[in-house]
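S.K.: Chains as they are written, first to last, in our numbering: chain A, -10 to 300; chain B, 1144 to 1465.
The following block contains the structure, expressed as structure tokens.
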Amino acid sequence: MSTITPAAAQSTPSGPTALNTGSPRRSIGKFGGKSRMDPTRNNTAAGIAAWLLALLFATPVLWMILTSFHSETDAATNPPSIAANLTLDAYKEFFGASSGVSPWPPMINSATASILSTVLVLVLAIPAAYALSIRPVKKWTDVMFFFLSTKMMPVVAAILPLYLFARTVGALDNIWFLILMYTSMNLPIAVWMMRSFLAEVPEEMLEAAQIDGAGLLLTLRKIVAPVAMPGIAATALICFIFSWNELLLARVLTGVVAGTAPVFLTGFVSGQGLFLAKVCAAAVVISLPVLFAGFAAQDKLVQGLSLGAVK
Amino acid sequence: MTTATARISRPGHHAATPSRSARSRERALAWARRAPLLPALIFLIIVTQLPFVVTLIISFLNWNSLSPDKTAFAGLENYVTVLTDPDLRQAIFTTILLTVSVVLFSLLIGLGLALLLDKKFIGRGLARTLLIAPFLVVPVAAALIWKHALLNPTYGLINGILTWVWSLFGSGTAPQLDLLSQAPLMAVIVSLVWQWTPFMMLILLAGLQSRPMDTVEAAQMDGATRWGIFRHLTLPHLRQYLELGGLLGAIYIVQNFDSVFTLTAGGLGTANLPYAIYQTFYFANEYGLASAAGVVVVIGTIIVATFALRTVFSLFKKEAAR
Chain A
-10 MSTITPAAAQ STPSGPTALN TGSPRRSIGK FGGKSRMDPT RNNTAAGIAA
40 WLLALLFATP VLWMILTSFH SETDAATNPP SIAANLTLDA YKEFFGASSG
90 VSPWPPMINS ATASILSTVL VLVLAIPAAY ALSIRPVKKW TDVMFFFLST
140 KMMPVVAAIL PLYLFARTVG ALDNIWFLIL MYTSMNLPIA VWMMRSFLAE
190 VPEEMLEAAQ IDGAGLLLTL RKIVAPVAMP GIAATALICF IFSWNELLLA
240 RVLTGVVAGT APVFLTGFVS GQGLFLAKVC AAAVVISLPV LFAGFAAQDK
290 LVQGLSLGAV K
Chain B
1144 MTTATARISR PGHHAATPSR SARSRERALA WARRAPLLPA LIFLIIVTQL
1194 PFVVTLIISF LNWNSLSPDK TAFAGLENYV TVLTDPDLRQ AIFTTILLTV
1244 SVVLFSLLIG LGLALLLDKK FIGRGLARTL LIAPFLVVPV AAALIWKHAL
1294 LNPTYGLING ILTWVWSLFG SGTAPQLDLL SQAPLMAVIV SLVWQWTPFM
1344 MLILLAGLQS RPMDTVEAAQ MDGATRWGIF RHLTLPHLRQ YLELGGLLGA
1394 IYIVQNFDSV FTLTAGGLGT ANLPYAIYQT FYFANEYGLA SAAGVVVVIG
1444 TIIVATFALR TVFSLFKKEA AR
């Protein structure tokens, strides 16, 4: 029905009155409903405008990718050499072809910190979200807002004591300390996201399971997990992205041994000679995990980033 | 069910005993409900609240780690310095200017993009994906690209395009921008707006698509103009999404460190409070002063957060009432 309605509405401007009496509102599709308000020519104009802006916004990314495949001399020209020959030299340089400095240790550190902190976040956040949605504690909304308020405290307001503590116990430049920091950084948002995903588990199904005498583990596996899994995956991906991107904590708390990819990137620009293609290659390689994670979570990205407030 | 069995199993007992044990069982049940929550809560309190209490204490000390023997109680001295020192005052001002302008511009552009993407056109999915891309570049990498590949005065893309366009019209003297040294804060703002617009767009697009279409149709039937529908139906509906996007964005942008650090290294009046605090404790070793500045940021954030919480709460209430 949703496919018919807009077309009918467009061809007969006086039609909707007659149509609306019969058709339930809910059947009007998300997009079908919209296109009926705008004649086609307007959509073309909107499409052109949207495409121009999309290209404008994507230009820095596309330019970064293109430049990373150029030679250093072609990368630094004015006007730009768009059609210059493509080469993998910048990537070879990034992986230490002439400097001998390998980017792998910081990238492995970043992967370790991001993955392990995400696992820790899930281990802590899933039970917490369970106690805030499926079997909620009293005053669970207060608890939710406590979690959120910890996220609102800027990292800079706590970083000095953390730094002093790490220095005292010898945890500076230790990846495990960073993992704990990233866990605390992402935990509040993860609890919020996860609660919104767990709240989508239909209550009737939970009640039915209880009546049938299903135990906690069985209920979690057969009823909660199938509904909440995409949400849990999206939460994990978003936490991964935030950890992977983090600079301030990594910069202050790590050094040579446990330095992460963003820290490596800030020290990458030597300022000597031409380095533009190399920087672009580095930016591309280090952004790849985030791009993959982001596109994998695309469907749930909005709900996650808005802490579950927007569906 | 458990209470029933308990009552049956000891029928001869004094009336008070089962009720007491029922109460303790109730308490045990409440704790069983709370138990899954506790690891996360305790962890967060230790890792985030405790350090802040220490920051609060240090903020009242005169403590420079280079001369540790001079450490002493300083009262409000550090706070006075934060509010009177020209550099730190500049940092407060920069933080406000940076946050407000980035949030405002990215919201406005994000709204425009969301309105466009709300319409049906060829390749909409791909256009949406391209628009999300800026948000999925590592912030440090994005800042490096802006600094070297786009804004560099000699070979950056922006000046390159200016040269190219001018040469198309046969002119050899294209105007050349040097944002990084002439308007460095503008450079930071532009790069951050670029990065945050997709975030705003996504939230506003979700808002637009949750709009009840029947009222819009009714208004159309009544002959409402396009602008009238936008002004009186769409905008009021979007209001809470605008607030949510703006305030979530503000919370993140107040804390921004990456862009300032990478693009300008805090030079030429671009140091915001996070960067200034980093400098104060990491390089100047002024622990007391840095802590006081940190507390000032928290107070500022609390003011913003009060509004943020109210907005999140209004959206949240609807859902909690399910």
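Glycine included, every Cβ here is placed at the ideal spot set by N, Cα and C.
Predicted, not measured: the structure shown is a model, and the values here were computed from it.
Suppose you measure from the CA of threonine 1145/B to the CA of serine 1164/B; what does that come to, to the nearest Å?
M.R.: Caution is warranted here: a pLDDT of 41 is assigned to threonine 1145/B, below 50, making its placement in the model unreliable, and no coordinate value can be reported.
S.K.: Expressed to the nearest angstrom, what Euclidean distance is found between the alpha-carbon atoms of arginine 1138/B and leucine 1345/B?
M.R.: Since the displayed chain B opens at 1144 and closes at 1465, residue 1138/B lies outside it and no answer follows.
S.K.: Can you confirm whether the region 100 to 114 of chain A touches the region 210 to 229 of chain A when touching is taken to mean that 3 or more C-beta pairs between the two stretches lie within less than 8 Å?
M.R.: Touching, yes, given that three or more Cβ pairs across the two stretches are closer than 8 Å.
S.K.: Report the residues of the region 263 to 284 of chain A with a CB closer than 7 Å to any CB of chain B, ordered along the chain.
M.R.: Taking 7 Å as the Cβ-Cβ cut-off against chain B, the residues of the region 263 to 284 of chain A that qualify are Leu265, Val268, Cys269, Ala272, Ile275, Ser276, Val279, Leu280 and Gly283.
S.K.: Measure from the alpha carbon of phenylalanine 1424/B to the alpha carbon of each residue in Ala35/A, Leu41/A and Leu153/A, then state which is nearest.
M.R.: Taking only the C-alpha atoms, the option nearest phenylalanine 1424/B is Leu153/A.
S.K.: Where does the unbroken alpha helix (DSSP H) through phenylalanine 1248/B begin, and where does it stop?
M.R.: 1229 to 1260 is the span of the alpha helix (DSSP H), which, as asked, contains phenylalanine 1248/B.
S.K.: So who's on the other strand from leucine 187/A, going by DSSP bridges?
M.R.: The partner list for leucine 187/A (beta bridge, DSSP) is empty, contrary to what the question assumes.
S.K.: What are the partner residues of glutamate 1429/B, as DSSP defines its beta bridges?
M.R.: DSSP, once it has assigned bridges, lists Asn1207/B as partnering glutamate 1429/B.
S.K.: Can you tell me whether tryptophan 52/A is buried or exposed, with buried defined as 16 or more other CB within 10 angstroms of its CB?
M.R.: Classification for tryptophan 52/A: buried.
S.K.: Sort Ser122/A, Ser60/A, Pro95/A and Ile212/A by Cα distance to leucine 75/A and report the nearest one.
M.R.: Per the Cα distances, Ser60/A.
S.K.: With DSSP run on the structure shown, which of helix, strand or coil describes arginine 1150/B?
M.R.: The predicted model places arginine 1150/B with a pLDDT of 41, which falls under 50 and marks its position as unreliable, so this point remains unresolved.
S.K.: Any beta-carbon of chain B closer than 7 Å to the one on leucine 161/A?
M.R.: By this cut-off, leucine 161/A is not an interface position.
S.K.: Does any C-beta atom of chain B lie closer than 7 Å to the C-beta of methionine 183/A?
M.R.: Output row for methionine 183/A: interface = no.
S.K.: Within 8 Å, do at least three Cβ pairs link the region 263 to 270 of chain A to the region 60 to 70 of chain A?
M.R.: At 8 Å Cβ cutoff, the stretches touch.
S.K.: Distance cutoff 7 Å, beta carbons only. Does asparagine 32/A sit that close to anything in chain B?
M.R.: Output row for asparagine 32/A: interface = yes.
S.K.: If contact means a Cβ-Cβ distance below 9 Å, which residues of the region 120 to 147 of chain A contact chain B?
M.R.: Hits within the stretch, in order: Ala120, Leu121, Arg124, Pro125, Val126, Lys127, Trp129, Thr130, Val132, Met133, Phe134, Phe135, Phe136, Leu137, Ser138, Thr139, Lys140, Met141, Met142, Pro143, Val144, Val145, Ala146 and Ala147.
S.K.: If you measure beta-carbon to beta-carbon, which residues of the region 1206 to 1224 of chain B are closer than 7 Å to chain A?
M.R.: Listed by position, the residues of the region 1206 to 1224 of chain B near chain A (Cβ gap below 7 Å) amount to none.
S.K.: Give the secondary structure of alanine 222/A by DSSP, where H, G and I count as helix, E and B as strand, and everything else as coil.
M.R.: Three-state DSSP puts alanine 222/A in a helix.
S.K.: State the DSSP-derived secondary structure class of phenylalanine 84/A, mapped to helix, strand or coil.
M.R.: Phenylalanine 84/A: coil per DSSP, three-state reduction.
S.K.: Look up alanine 203/A in the DSSP assignment and say whether it is helix, strand or coil.
M.R.: Looking at alanine 203/A - three-state DSSP - the assignment turns out to be coil, as it is neither helix nor strand.
S.K.: Phenylalanine 84/A touches chain B at which residues, Cβ-Cβ below 9 Å?
M.R.: Result: empty, since nearest Cβ-Cβ is about 16 Å, beyond 9 Å.
S.K.: Which bits of chain A does tryptophan 1337/B rub up against, with CB to CB less than 9 Å?
M.R.: In chain order: Phe46 and Pro49.
S.K.: Does the count of Cβ pairs from the region 1309 to 1322 of chain B and the region 1291 to 1299 of chain B closer than 8 Å reach three?
M.R.: Judged by Cβ distances under 8 Å, the region 1309 to 1322 of chain B makes contact with the region 1291 to 1299 of chain B, as three or more pairs qualify.
S.K.: Counting contacts by CB-CB distance shorter than 7 Å, is threonine 67/A in contact with chain B?
M.R.: It should be noted that the sequence gives asparagine, not threonine, for residue 67/A. Yes, because at least one Cβ of chain B sits closer than 7 Å to the Cβ of asparagine 67/A.
S.K.: On the DSSP bridge list, what partners appear for alanine 1183/B?
M.R.: Partner(s): none; alanine 1183/B has no beta bridge.
S.K.: Give the straight-line distance between the Cα atoms of alanine 1361/B and histidine 1375/B, rounded to the nearest whole angstrom.
M.R.: Near 13 Å, if we compare the C-alpha coordinates of histidine 1375/B and alanine 1361/B.
S.K.: Rounding to the nearest angstrom, what Cα-Cα distance links leucine 1328/B and threonine 1238/B in this structure?
M.R.: Rounded to the nearest angstrom, the two C-alpha atoms are 10 Å apart.
S.K.: Run through chain B and tell me which residues come within less than 9 Å of asparagine 98/A, C-beta to C-beta.
M.R.: Chain B residues near asparagine 98/A: none, gap ~14 Å exceeds 9 Å.
S.K.: Below 8 Å, how does it come out for the region 1206 to 1220 of chain B and the region 157 to 171 of chain A: are there three or more Cβ pairs, yes or no?
M.R.: Segments in contact, no.
S.K.: Do alanine 1234/B and asparagine 1399/B have their C-beta atoms closer together than 7 Å?
M.R.: Contact flag unset, no.
S.K.: What are the residues in the region 284 to 295 of chain A lying within 9 Å of chain B by C-beta distance?
M.R.: Listed in sequence order: Phe284, Gln287, Leu290, Val291, Gln292, Leu294 and Ser295.
S.K.: Sort out for me which residues DSSP pairs alanine 1270/B with in a bridge.
M.R.: Alanine 1270/B pairs with nothing; no bridge assigned.
S.K.: Taking contact to mean at least 3 C-beta pairs separated by less than 8 Å, is the region 245 to 261 of chain A in contact with the region 89 to 99 of chain A?
M.R.: Flag = yes, the region 245 to 261 of chain A and the region 89 to 99 of chain A touch.
S.K.: Give me, in chain order, the residues of the same chain whose beta-carbon lies closer than 7 Å to that of threonine 1405/B; leave out the 5 immediate sequence neighbours on both sides.
M.R.: For threonine 1405/B, where only same-chain residues beyond five positions count, the Cβ hits under 7 Å are Val1283, Ala1286, Leu1287 and Lys1290.
S.K.: Report yes or no: is there a C-beta of chain B within less than 7 Å of the C-beta of phenylalanine 176/A?
M.R.: Reading the sequence as shown, one finds leucine at residue 176/A and not phenylalanine. Judged by the 7 Å Cβ criterion, leucine 176/A is in contact with chain B.
S.K.: If you compare alpha carbons, which of Ser1457/B, Thr1449/B, Gly1437/B and Arg1453/B is closest to proline 143/A?
M.R.: Among Ser1457/B, Thr1449/B, Gly1437/B and Arg1453/B, the Cα nearest to that of proline 143/A is on Gly1437/B.
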